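Report on the structure given below.
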Amino acid sequence: MQRLGAFGPPLVLALTLAIWASFLVSARAAVGQSFGPIEVGLMRFGTAAILFAPVLLRHGILPRGQNWLDVVLIAFIGGFVFVLLLVGGLSFAPVADSGIFAPSMLPVWVAGMSAVFLAEKFSRARLLGLGLIVFGALAVGGYEAIIQAEDGRWRGHLLFLGASGCWAAYTVRFRARALPVVPAAAMMVFWSALAFLVAGLVKGMDFSGIPPQTLALQILLQGVFSGFLATFTYLFCVQHFGAAKTAAFGALVPVLAALGAWVFLAEPIGIFKTIGILVVCTGVALASGALFQGRSQ
Numbered sequence: 053m054q055r056l057g058a059f060g061p062p063l064v065l066a067l068t069l070a071i072w073a074s075f076l077v078s079a080r081a082a083v084g085q086s087f088g089p090i091e092v093g094l095m096r097f098g099t100a101a102i103l104f105a106p107v108l109l110r111h112g113i114l115p116r117g118q119n120w121l122d123v124v125l126i127a128f129i130g131g132f133v134f135v136l137l138l139v140g141g142l143s144f145a146p147v148a149d150s151g152i153f154a155p156s157m158l159p160v161w162v163a164g165m166s167a168v169f170l171a172e173k174f175s176r177a178r179l180l181g182l183g184l185i186v187f188g189a190l191a192v193g194g195y196e197a198i199i200q201a202e203d204g205r206w207r208g209h210l211l212f213l214g215a216s217g218c219w220a221a222y223t224v225r226f227r228a229r230a231l232p233v234v235p236a237a238a239m240m241v242f243w244s245a246l247a248f249l250v251a252g253l254v255k256g257m258d259f260s261g262i263p264p265q266t267l268a269l270q271i272l273l274q275g276v277f278s279g280f281l282a283t284f285t286y287l288f289c290v291q292h293f294g295a296a297k298t299a300a301f302g303a304l305v306p307v308l309a310a311l312g313a314w315v316f317l318a319e320p321i322g323i324f325k326t327i328g329i330l331v332v333c334t335g336v337a338l339a340s341g342a343l344f345q346g347r348s349q
């Protein structure tokens with residue numbers, strides 16, 4: 053990362069956001085292909101655990117400086133429960149809704165937890181930014197998703213919000229503990245994979261009937277990119293930018309999805325969504341502190 057110089061962290065952040073967006077799409081596709089949360093979790097964390105094997109062999113499954121509360125909050129809550137809730141939500145609501153109610157709400161969760169557990173103070177500008185993120189997310193698609201909730205989507209929305217809370221909990225814990233990135237990432241995927249393996253042995257898991265090319269593609273997207281690469285890059289961003297700033301940038305995920313659909317799928321955005329996109333971007337700039345040079349996290 054250091055070899056990339058000053059451009060390194062922003063590039064890693066951009067890569068993380070792109071993987072987040074692709075994970076939501078690939079997870080929804082996996083649900084449509086008869087994969088359940090356990091299968092998705094095994095593909096995501098099982099593959100990542102294998103790729104992190106050299107790190108695990110060197111540092112162990114509970115690296116120096118980490119404790120069992122780290123395992124619970126980072127691996128179990130941030131890995132196992134997060135995927136269960138997110139994938140479960142995709143059974144009730146579409147990918148667009150998941151982007152609005154998970155990444156977009158992440159900075160709000162992180163700010164609240166940081167204030168309660170870390171006594172972190174936020175300026176009025178950052179609080180205004182958080183408010184703009186929520187308002188903008190509703191404009192981009194949240195309002196439409198809510199008014200259509202009578203078909204049962206509200207169940208997915210609640211699960212997405214719960215997943216976002218889990219995501220925030222492990223983010224704040226990692227930041228507060230100042231853990232080294234690589235051993236923490238390896239620890240997270242190992243214990244998450246173990247939890248999904250136990251759940252699979254108890255509840256059952258079924259990969260039969262899935263075409264080999266489909267399984268290989270999901271392992272690539274879920275395991276290599278989301279489970280292995282994004283776990284590392286996200287923790288790197290949290291370590292470099294701070295929890296609140298990284299979480300704020302996560303609100304750009306549904307914006308990127310909307311813009312991508314406009315560019316590649318010719319899906320219209322409209323004036324309401326355009327305003328929402330501008331509001332979210334403004335909120336991210338305020339909540340992340342990007343408009344204030346020299347201000348510490």
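Residue numbering for the sequence shown follows the working numbering, starting at 53 and increasing by one per position.
Positions of the beta carbon are idealized from the N, C-alpha and C atoms, including for glycine.
None of the values given here were measured: they were computed from a predicted structure.
So for Phe288, helix, strand or coil by DSSP? helix
Starting from Ser143 and walking both ways along the alpha helix (DSSP H), at which residues does that stretch end? Neither: Ser143 is in no alpha helix (DSSP H) and is coded neither H nor E.
What separation, rounded to the nearest whole angstrom, lies between the Cα atoms of Ala221 and Gln270? 27 Å
Through-space distance from Glu91 to Val336, alpha-carbon basis: 34 Å
Counting C-beta neighbours from all protein chains within 10 Å, is the total for Ile199 16 or more, i.e. buried, or is it exposed? exposed
Mark Arg347 as exposed unless 16 or more other C-beta atoms lie within 10 angstroms of its C-beta, in which case mark it buried. Note that Arg347 scores 45 on pLDDT, short of 50, meaning its location in the model is unreliable; the coordinates nonetheless yield the value given after this. Taking every protein chain shown into account, the CB of Arg347 has fewer than 16 other CB atoms within 10 angstroms, so this residue is exposed.
Taking 7 Å as the limit between beta carbons, can you name the residues of its chain near Phe259, skipping five residues before and five after? Glu91 and Leu267
Return the chain-ordered list of same chain residues with a C-beta closer than 6 Å to the C-beta of Leu273, the five sequence neighbours on each side being excluded. Ser78
Where Val241 falls, given that 16 or more other Cβ within 10 Å makes a residue buried: buried
State whether the stretch 272-289 contacts the stretch 113-120, with contact taken as three or more CB pairs (one from each stretch) at a distance under 8 Å. The way I'd put it, the stretch 272-289 doesn't touch the stretch 113-120; fewer than three beta-carbon pairs between them come closer than 8 Å.
Look at the alpha carbon of Gly294 and the alpha carbon of Gly261, and state the distance between them as a whole number of angstroms. 44 Å
What separation, rounded to the nearest whole angstrom, lies between the Cα atoms of Thr326 and Leu109? 49 Å
For the stretch 137-148 against the stretch 225-235, are there 3 or more C-beta pairs whose distance is under 8 Å? Under the three-pair Cβ rule at 8 Å, the stretch 137-148 does not count as touching the stretch 225-235.
If you draw a straight line from the alpha carbon of Lys173 to that of Lys255, how long is it in whole angstroms? C-alpha of Lys173 to C-alpha of Lys255: approximately 44 Å in a straight line.
Beta-carbon proximity check, Phe248 vs Leu94, cutoff 8 Å: yes
Would you decide whether Leu56 is buried or exposed? Buried here means 16 or more other CB atoms lie within 10 Å of its CB. Because Leu56 carries a pLDDT of 49, less than 50, the predicted location of this residue cannot be relied on, and no value is offered for it.
Beta carbon of Ala237 nearer than 8 Å to that of Phe104: yes
Mapping DSSP to helix, strand and coil, what is Met257? coil
Look up Met157 in the DSSP assignment and say whether it is helix, strand or coil. coil
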